[in-house]
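Everything below concerns the one structure shown next.
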C-alpha cells in the first residue's frame with residue numbers, strides 16, 4: 001500500500017515530498033501533510049478563479065431615511081474680528097500694533113509712531129491686505145476710483161483713502177529752515193520750535209543716503225498745536241532732530257492730506273549703529289535717498 005501511495009505522489013508532481021530512513025515520521029504521515037497542503041492550494045486557486053470570473057454585483061445600501069442627515073458645513077464668518085491679533089495673524093504683519101478704524105468688513109491698521117498704514121478687507125473668513133494701485137508724489141498709497149467702486153468700498157472708508165489721479169498729487173511746497181509758522185492753509189511749514197534745550201530749527205537734510213532712525217512722526221491735525229507736539233517729541237528723545245514733510249523722496253510727506261514731521265536720530269553712514277538703536281528704542285529706520293525707497297534697511 002505504501003508503494004502505491006508513493007506512486008500517486010510522484011504522479012501528482014509533488015516535487016518537494018521527501019522521505020527517507022531515519023526521519024522518524026514515516027511515509028504515510030509525510031504524504032498526508034503534503035497532500036493536505038496541495039489540496040488546500042488547489043482549493044484556494046479554484047476559489048480565486050471563481051472570484052475572478054464572477055462579476056461583483058454588490059451595491060451600496062440605500063441611505064436609511066431614519067438616520068439624521070449630516071450637518072451642513074459651517075458658513076464663513078460674516079464679519080472679521082476687529083483686533084490687532086486677528087489682523088496681525090491674517091496679514092502676517094507682526095509690526096502692526098494699532099487699529100484706527102474697523103467695521104468688520106474693512107479695517108485700517110498701522111504701526112505706532114511710524115507712517116506704516118495698511119488697509120485690510122474681510123474676504124472668505126480672513127483679513128486680506130487691500131493692495132494699493134499706486135503711490136502719490138509724497139510717497140503715500142493711492143487707490144483707483146474704479147476699483148473702489150467695483151469693491152463697493154463704503155464712503156466711511158473711502159474718505160480716509162487717497163485716490164490716484166492721472167495728474168498725480170502735487171508735492172508739498174518746501175520751506176527754508178527757520179521760516180517758521182504753521183503750514184495751515186498758507187502753504188508754510190513749522191520751521192522752528194522751542195524745546196527744553198532751546199530753539200530747534202527743522203533740518204534741511206541732504207538726500208545723500210545717510211541713515212536715520214525715525215523715533216516719532218508728528219501729524220498735523222486741525223485744532224492741534226503742531227509746534228508743541230514737535231517740541232514734546234524732541235524732548236522725549238535727547239539728541240533728536242526734525243525735518244520738513246517730504247524733505248526727501250524716501251520720507252512720506254502726508255497722511256490723509258495732513259503733513260508729517262519726522263522726528264529722528266541721524267547716524268550718517270553708520271547703518272549698524274542705526275539698526276542697533278532701532279533694536280533698543282524701536283522706530284523706523286530709513287535712508288534719505290532720492291529713489292523714493294521707503295524700505296527699512298534693518
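Residue numbers (the UniProt record's numbering): 1 to 298. Heads up, the beta-carbon is just placed ideally off N, CA and C, and yes, glycines get one too. Please read these numbers as outputs of a predicted model, since none were measured by experiment.
Boundaries (first-last residue) of the beta strand (DSSP E) holding residue i
i: residue 128; result: 126-129
i: residue 119; result: 117-123
i: residue 265; result: 258-268
i: residue 98; result: 98-102
i: residue 107; result: 106-110
i: residue 194; result: 192-195
Beta-carbon proximity list for residue i, same chain, < 6 Å, skipping 5 on both sides
i: residue 258; result: 219 and 220
i: residue 235; result: 195 and 196
i: residue 172; result: Caution is warranted here: a pLDDT of 38 is assigned to residue 172, below 50, making its placement in the model unreliable, and no coordinate value can be reported.
i: residue 105; result: 122
i: residue 90; result: 126 and 127
i: residue 277; result: 213
i: residue 293; result: 250
C-beta contact flag for residue i and residue j at 8 Å
i: residue 122; j: residue 88; result: no
i: residue 271; j: residue 297; result: yes
i: residue 265; j: residue 282; result: no
i: residue 213; j: residue 285; result: yes
i: residue 211; j: residue 287; result: yes
i: residue 233; j: residue 190; result: no
Spatial neighbours of residue i in its chain, beta-carbon cut-off 8 Å, leaving aside the 5 residues before and after
i: residue 84; result: 96, 97, 98, 99 and 109
i: residue 117; result: 100, 108, 109, 110, 141 and 255
i: residue 207; result: 247, 248, 249, 250, 288, 289 and 290
i: residue 230; result: 190, 193, 218, 242, 261 and 263
For residue i, the first and last residue of its enclosing alpha helix (DSSP H)
i: residue 275; result: 271-281
i: residue 231; result: 226-236
Spatial neighbours of residue i in its chain, beta-carbon cut-off 7 Å, leaving aside the 5 residues before and after
i: residue 273; result: 267
i: residue 199; result: 192
i: residue 41; result: Model confidence at residue 41 stands at a pLDDT of 42, short of 50, so the residue's coordinates are unreliable; what they give is reported in the following sentence. Correct list: empty, nothing qualifies.
i: residue 102; result: 82
i: residue 142; result: 132, 133, 134, 135, 136, 162, 163 and 164
i: residue 243; result: 202, 203, 205 and 262
i: residue 94; result: 88
i: residue 275; result: 285 and 298
Three-state secondary structure assigned by DSSP to residue i
i: residue 89; result: helix
i: residue 150; result: helix
i: residue 156; result: helix
i: residue 250; result: coil
i: residue 198; result: strand
For residue i, the residue or residues it bridges with in DSSP
i: residue 211; result: 268 and 287
i: residue 243; result: 203
i: residue 82; result: Beta-bridge pairing links residue 82 to no other residue.
i: residue 142; result: 134
i: residue 255; result: 258
Residue i CB to nearest heavy atom of the ligand ATP below 7 Å
i: residue 248; result: Here there are no bound small molecules, and the ligand ATP is not part of this structure.
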